Amino acid sequence: MAHIEILAQNKWTQKPVSQWKQIALINNVKFTDAKYNNPYAGSAFLLDTGKEIVAVTAKHVLLLAKSKPMTSVHFKGTLKEWAFHPKGDSTKPIIAKELVNTDINEKLNPAKLMNKDCIVFSLKDVPKHIQALKLRNTPIQPNETVYVIGCPYVDKSCVQNVYKGKFVRTQGVNLLVRLENAQLNLGGMSGGAVIDKNGKVVGVVSRMLRDSKTKEVLLAPISTNYLKKVLKQYKKM
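Going by numbering that gives the first Met the number 0, the residue at position 87 of the sequence shown is 86; the numbering climbs one at a time, nothing skipped.
Quick look at the structure:
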(Lines of atoms letter the chains of each structure in order from A and count residues from 1; the text may use other names and numbers.)
(Lines give C-alpha, C1' and ligand atoms only; values in the text may rest on other atoms or scores of the structure.)
Protein backbone atom coordinates (compact mmCIF):
# COMPACT_ATOMS: atom_id res chain seq x y z
CA MET A 1 0.00 0.00 0.00
CA ALA A 2 2.79 2.43 0.89
CA HIS A 3 4.47 1.73 -2.45
CA ILE A 4 1.23 2.54 -4.29
CA GLU A 5 0.85 5.80 -2.35
CA ILE A 6 4.39 6.87 -3.23
CA LEU A 7 3.76 6.18 -6.91
CA ALA A 8 0.59 8.26 -6.76
CA GLN A 9 2.42 11.18 -5.17
CA ASN A 10 5.18 11.11 -7.76
CA LYS A 11 3.06 10.45 -10.82
CA TRP A 12 2.62 14.06 -11.94
CA THR A 13 6.35 14.67 -12.41
CA GLN A 14 6.52 11.68 -14.76
CA LYS A 15 4.03 13.31 -17.11
CA PRO A 16 5.10 15.67 -19.91
CA VAL A 17 5.72 19.14 -18.48
CA SER A 18 2.84 20.46 -20.59
CA GLN A 19 0.50 18.30 -18.50
CA TRP A 20 1.72 19.56 -15.12
CA LYS A 21 -0.76 21.55 -13.07
CA GLN A 22 -0.13 25.25 -12.58
CA ILE A 23 2.64 25.79 -10.02
CA ALA A 24 4.37 28.98 -11.18
CA LEU A 25 3.06 32.26 -9.78
CA ILE A 26 4.19 35.86 -9.97
CA ASN A 27 4.16 38.53 -7.27
CA ASN A 28 1.73 41.39 -7.88
CA VAL A 29 2.40 44.01 -5.23
CA LYS A 30 0.33 47.10 -4.45
CA PHE A 31 1.14 49.84 -1.95
CA THR A 32 -1.04 52.54 -0.40
CA ASP A 33 0.99 54.93 -2.58
CA ALA A 34 0.39 53.46 -6.04
CA LYS A 35 3.60 54.85 -7.52
CA TYR A 36 5.47 52.04 -5.75
CA ASN A 37 3.27 49.27 -7.20
CA ASN A 38 5.01 46.40 -8.98
CA PRO A 39 2.67 44.06 -10.92
CA TYR A 40 5.45 41.57 -11.73
CA ALA A 41 8.09 41.32 -9.03
CA GLY A 42 9.62 37.90 -9.64
CA SER A 43 8.17 34.41 -9.27
CA ALA A 44 6.60 32.48 -6.38
CA PHE A 45 4.98 29.17 -5.48
CA LEU A 46 2.66 27.60 -2.92
CA LEU A 47 3.95 25.26 -0.24
CA ASP A 48 1.98 22.72 1.77
CA THR A 49 3.54 22.70 5.25
CA GLY A 50 1.28 19.91 6.47
CA LYS A 51 -0.42 22.50 8.67
CA GLU A 52 -1.50 24.97 6.00
CA ILE A 53 -0.76 26.31 2.53
CA VAL A 54 1.68 29.24 2.42
CA ALA A 55 3.31 31.20 -0.39
CA VAL A 56 7.07 31.42 -0.88
CA THR A 57 9.18 33.81 -2.91
CA ALA A 58 12.69 35.31 -2.81
CA LYS A 59 13.45 37.86 -0.11
CA HIS A 60 15.42 40.04 -2.52
CA VAL A 61 12.12 40.64 -4.34
CA LEU A 62 11.61 43.23 -1.58
CA LEU A 63 14.27 45.31 -3.33
CA LEU A 64 11.97 45.43 -6.38
CA ALA A 65 8.68 45.76 -4.52
CA LYS A 66 9.17 48.36 -1.81
CA SER A 67 7.86 51.71 -0.70
CA LYS A 68 10.13 54.59 0.29
CA PRO A 69 9.59 54.08 4.06
CA MET A 70 10.71 50.44 3.79
CA THR A 71 14.29 50.08 4.97
CA SER A 72 13.95 46.59 6.42
CA VAL A 73 11.98 43.36 5.96
CA HIS A 74 8.88 45.15 7.22
CA PHE A 75 6.21 46.99 5.23
CA LYS A 76 5.87 49.85 7.75
CA GLY A 77 2.11 49.91 7.14
CA THR A 78 2.58 50.86 3.47
CA LEU A 79 1.45 47.58 1.84
CA LYS A 80 -2.04 47.59 0.34
CA GLU A 81 -2.02 44.07 -1.12
CA TRP A 82 0.45 41.33 -2.01
CA ALA A 83 -1.17 38.95 -4.49
CA PHE A 84 0.02 35.82 -6.26
CA HIS A 85 -1.33 34.60 -9.59
CA PRO A 86 -0.21 32.87 -12.79
CA LYS A 87 1.46 35.28 -15.21
CA GLY A 88 -1.15 36.80 -17.50
CA ASP A 89 -4.13 35.68 -15.42
CA SER A 90 -5.05 37.79 -12.41
CA THR A 91 -8.71 36.72 -12.40
CA LYS A 92 -8.30 34.53 -9.31
CA PRO A 93 -5.55 36.16 -7.23
CA ILE A 94 -4.27 34.49 -4.08
CA ILE A 95 -4.06 37.20 -1.43
CA ALA A 96 -1.37 37.25 1.24
CA LYS A 97 -2.50 37.57 4.84
CA GLU A 98 0.80 38.43 6.52
CA LEU A 99 4.55 38.19 6.00
CA VAL A 100 5.60 35.36 8.30
CA ASN A 101 9.30 36.24 8.59
CA THR A 102 8.90 40.00 8.81
CA ASP A 103 11.74 41.58 10.80
CA ILE A 104 11.97 45.32 11.30
CA ASN A 105 15.62 44.89 12.36
CA GLU A 106 16.67 43.03 9.19
CA LYS A 107 17.84 45.78 6.85
CA LEU A 108 17.26 45.61 3.10
CA ASN A 109 20.95 45.07 2.49
CA PRO A 110 21.29 43.22 -0.86
CA ALA A 111 24.39 41.25 0.10
CA LYS A 112 22.98 40.08 3.44
CA LEU A 113 19.50 39.35 2.08
CA MET A 114 20.95 36.77 -0.29
CA ASN A 115 22.03 34.60 2.64
CA LYS A 116 18.39 34.25 3.77
CA ASP A 117 16.81 34.70 0.36
CA CYS A 118 13.23 33.63 0.91
CA ILE A 119 10.11 35.07 2.46
CA VAL A 120 6.93 33.26 3.46
CA PHE A 121 3.39 34.61 3.43
CA SER A 122 0.34 33.18 5.14
CA LEU A 123 -2.76 33.34 2.93
CA LYS A 124 -6.29 34.66 3.39
CA ASP A 125 -7.87 31.75 1.53
CA VAL A 126 -6.78 28.24 0.55
CA PRO A 127 -6.47 28.19 -3.25
CA LYS A 128 -7.76 25.15 -5.14
CA HIS A 129 -6.61 26.03 -8.66
CA ILE A 130 -2.85 26.06 -7.99
CA GLN A 131 -0.77 23.03 -7.02
CA ALA A 132 0.98 23.38 -3.67
CA LEU A 133 4.33 21.64 -3.32
CA LYS A 134 5.93 19.90 -0.35
CA LEU A 135 9.46 20.15 1.02
CA ARG A 136 11.97 17.38 0.64
CA ASN A 137 13.32 16.29 4.00
CA THR A 138 16.48 14.47 2.87
CA PRO A 139 19.63 16.12 1.47
CA ILE A 140 19.86 16.34 -2.31
CA GLN A 141 22.75 14.36 -3.82
CA PRO A 142 25.18 15.34 -6.61
CA ASN A 143 23.97 14.57 -10.16
CA GLU A 144 20.31 14.42 -9.14
CA THR A 145 17.90 15.82 -11.72
CA VAL A 146 16.09 18.99 -10.71
CA TYR A 147 13.43 21.16 -12.34
CA VAL A 148 13.28 24.95 -12.05
CA ILE A 149 9.77 26.42 -12.31
CA GLY A 150 8.78 30.02 -12.97
CA CYS A 151 8.55 32.77 -15.57
CA PRO A 152 11.51 34.85 -16.81
CA TYR A 153 10.86 38.47 -17.77
CA VAL A 154 12.19 37.93 -21.32
CA ASP A 155 9.53 35.33 -22.15
CA LYS A 156 6.49 37.53 -22.69
CA SER A 157 4.16 34.58 -23.35
CA CYS A 158 5.29 32.50 -20.36
CA VAL A 159 2.62 30.96 -18.17
CA GLN A 160 4.82 28.26 -16.66
CA ASN A 161 8.32 27.42 -17.80
CA VAL A 162 10.15 24.36 -16.50
CA TYR A 163 13.92 24.07 -16.94
CA LYS A 164 15.75 20.81 -16.36
CA GLY A 165 19.17 20.64 -14.73
CA LYS A 166 21.54 18.65 -12.54
CA PHE A 167 22.51 19.42 -8.97
CA VAL A 168 26.29 19.82 -8.78
CA ARG A 169 27.03 20.55 -5.13
CA THR A 170 26.31 22.92 -2.27
CA GLN A 171 28.28 26.15 -1.99
CA GLY A 172 27.56 28.05 1.22
CA VAL A 173 23.80 28.53 1.54
CA ASN A 174 23.27 27.86 -2.16
CA LEU A 175 22.79 24.82 -4.35
CA LEU A 176 24.77 24.86 -7.59
CA VAL A 177 22.68 23.68 -10.55
CA ARG A 178 23.88 23.12 -14.11
CA LEU A 179 20.96 23.71 -16.43
CA GLU A 180 20.64 21.80 -19.70
CA ASN A 181 20.41 25.16 -21.46
CA ALA A 182 23.14 27.31 -19.96
CA GLN A 183 22.28 30.33 -22.16
CA LEU A 184 18.97 31.08 -20.47
CA ASN A 185 18.24 34.56 -19.15
CA LEU A 186 16.46 33.77 -15.89
CA GLY A 187 15.75 37.29 -14.65
CA GLY A 188 12.25 37.19 -13.17
CA MET A 189 12.58 33.57 -12.04
CA SER A 190 13.71 34.64 -8.57
CA GLY A 191 11.41 33.08 -5.98
CA GLY A 192 10.48 30.15 -8.20
CA ALA A 193 10.55 26.57 -6.94
CA VAL A 194 13.36 24.11 -7.59
CA ILE A 195 12.06 20.54 -7.28
CA ASP A 196 13.50 17.04 -7.49
CA LYS A 197 12.23 14.25 -9.75
CA ASN A 198 9.50 13.46 -7.20
CA GLY A 199 8.17 17.01 -7.12
CA LYS A 200 9.59 17.88 -3.70
CA VAL A 201 11.08 21.34 -3.14
CA VAL A 202 14.86 21.39 -2.70
CA GLY A 203 15.53 25.08 -3.28
CA VAL A 204 14.24 28.54 -4.20
CA VAL A 205 15.60 30.42 -7.24
CA SER A 206 17.92 33.13 -5.96
CA ARG A 207 20.87 34.08 -8.20
CA MET A 208 23.75 32.95 -10.41
CA LEU A 209 27.12 32.16 -8.82
CA ARG A 210 30.56 31.14 -9.98
CA ASP A 211 31.54 27.65 -8.82
CA SER A 212 34.57 28.28 -6.59
CA LYS A 213 36.14 25.03 -7.80
CA THR A 214 35.50 25.02 -11.55
CA LYS A 215 34.86 28.78 -12.04
CA GLU A 216 31.76 27.86 -14.05
CA VAL A 217 28.80 30.22 -13.63
CA LEU A 218 25.81 28.20 -12.46
CA LEU A 219 22.28 28.74 -11.23
CA ALA A 220 22.44 29.06 -7.45
CA PRO A 221 19.08 28.54 -5.74
CA ILE A 222 19.12 29.00 -1.99
CA SER A 223 18.77 25.71 -0.14
CA THR A 224 15.66 25.07 1.94
CA ASN A 225 17.55 25.22 5.27
CA TYR A 226 16.51 28.80 6.05
CA LEU A 227 12.98 28.18 4.77
CA LYS A 228 12.62 25.19 7.09
CA LYS A 229 13.85 27.31 10.01
CA VAL A 230 11.24 29.99 9.25
CA LEU A 231 8.47 27.38 9.04
CA LYS A 232 9.58 25.75 12.29
CA GLN A 233 9.37 29.09 14.10
CA TYR A 234 6.01 29.82 12.44
CA LYS A 235 4.53 26.57 13.77
CA LYS A 236 5.30 27.76 17.29
CA MET A 237 3.40 31.04 16.82
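Yeah, the Cβ is synthetic: ideal placement off N, Cα and C, and Gly gets one too. Please read all numbers here as calculations on a predicted model, not as lab measurements.
- With respect to the 9 Å criterion, GLY149 and ASN160 are classified as neighbours on the basis of their beta carbons.
- Beta-bridge partners assigned by DSSP to HIS84: ILE25.
- VAL203 places its beta carbon less than 9 Å from that of GLY191.
- Around the beta-carbon of ASP195, 16 or more other beta-carbon atoms lie within 10 Å, marking it buried.
- When C-alpha distances from VAL172 are compared across LEU122, PHE120, ASN114, the shortest belongs to ASN114.
- A distance below 6 Å between beta-carbons, with the five flanking residues on each side excluded, links GLU80 to the following residues of its chain, in chain order: LYS29.
- Counting the other CB atoms within 10 Å of its CB gives LYS214 a total below 16, which places it among the exposed residues.
- As the crow flies, the alpha-carbon of GLY198 is around 35 Å from that of MET69.
- When the alpha-carbon of LYS231 is set against those of VAL119, PRO15, LEU61, the nearest one is in VAL119.
- Around the Cβ of ALA40, a 10 Å sphere holds 16 or more other Cβ atoms; the residue is buried.
- In chain order, PHE30, THR31, SER66, PRO68 place their CB closer than 6 Å to the CB of THR77, counting only its own chain and leaving out the 5 sequence neighbours on each side.
- Going by C-alpha positions, LEU98 is about 7 Å away from SER121.
- With a 10 Å radius around the Cβ and a threshold of 16 neighbouring Cβ atoms, HIS59 comes out buried.
- Pairing LEU178 with LEU217 gives a Cβ-Cβ distance under 9 Å.
- In chain order, HIS59, LEU62 place their CB closer than 7 Å to the CB of PRO109, counting only its own chain and leaving out the 5 sequence neighbours on each side.
- If the five residues before and after ALA43 are omitted, its C-beta is found closer than 6 Å to the C-beta atoms of LEU24, ASN26, ALA54, THR56, PHE83, GLY190, all from its own chain and listed in chain order.
- Runs of the beta strand (DSSP E) lying entirely within the region 92-138, each at least 3 residues long, are 93-98, 102-106, 118-122 in chain order.
- Taking the Cα of LEU226 as reference, the smallest distance to any Cα among ASP88, ASN37, CYS117, ILE103 is reached at CYS117.
- In this structure, the alpha-carbon of THR48 lies about 8 Å from that of LEU134.
- PHE166 is bridged by DSSP to VAL176.
- Contact annotation: ILE93 and LEU45 have beta-carbon atoms nearer than 9 Å.
- The beta-carbon distance between CYS157 and LYS111, rounded to whole angstroms, is 30 Å. This is too long to meet the 8 Å contact definition.
- Exposed is the label assigned to ILE103, since fewer than 16 other Cβ atoms lie within 10 Å of its Cβ.
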